[in-house]
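>
Shown next as structure tokens:
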């Protein structure tokens with residue numbers, strides 16, 4: 001399901017600008033000549049775009065979950081030590097490389113965190 005849908009995901013497009021332009025056109029029109037039909041059409045276009053974004057977000061969250069699961073299996077197969085696995089999973093999940101924050105978050109000695117970080121420097125960059 002994820003792979004079929006992923007193929008259909010297009011790169012981010014700047015559809016928001018065209019929607020903003022549509023609103024500007026409506027707002028430039030004299031009050032007495034503004035049409036409810038124009039507002040209705042614009043709201044429908046915005047709602048459609050929001051639905052597309054929610055679907056894309058769901059697909060990306062599912063894909064991210066698969067990637068994190070594959071990472072977990074890889075770390076286990078590579079027979080890395082327990083703290084190192086927790087550390088790697090944490091930095092991928094949290095996108096944070098600050099030793100103090102990682103130490104607090106994982107309840108691992110900051111010296112151990114720094115040692116693991118130094119050992120992984122080449123693999124992470």
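In the UniProt record's numbering, the protein residues as written are 1 to 125. Glycine residues also receive a C-beta, built at the ideal position from the N, C-alpha and C atoms. Remember, predicted model here, so these are calculated numbers, not experimental data.
#1: Work out the CA separation of residue 92 and residue 45 for me, nearest whole Å.
#2: In chain order, what residues of the same chain have a beta carbon less than 8 Å from the beta carbon of residue 78, not counting five sequence neighbours either side?
#3: Assess, as a yes-or-no matter, whether the stretch 64 to 84 is touched by the stretch 97 to 116 under the definition of 3 or more beta carbon pairs within less than 8 Å.
#4: Any idea if residue 53 is buried or exposed, counting beta-carbon neighbours within 10 angstroms, 16 or more meaning buried?
#5: Determine the DSSP secondary structure at residue 17, reduced to helix, strand or coil.
#6: When DSSP labels each residue in this structure, what does residue 52 get in the three-state scheme?
#7: Return the first residue and the last residue of the alpha helix (DSSP H) that residue 110 is part of.
#8: Return the Cβ separation of residue 103 and residue 110 in integer angstroms, given the expectation that the two are a contact with Cβ distance under 8 Å.
#9: Got a sec, what are the start and stop residues for the alpha helix (DSSP H) residue 101 sits in?
Working from what's here:
#1: 36 Å
#2: none
#3: yes
#4: exposed
#5: helix
#6: Three-state result, residue 52: helix.
#7: 110 to 124
#8: Contact flag correct, Cβ pair sits at about 4 Å.
#9: 99 to 106 is the span of the alpha helix (DSSP H), which, as asked, contains residue 101.
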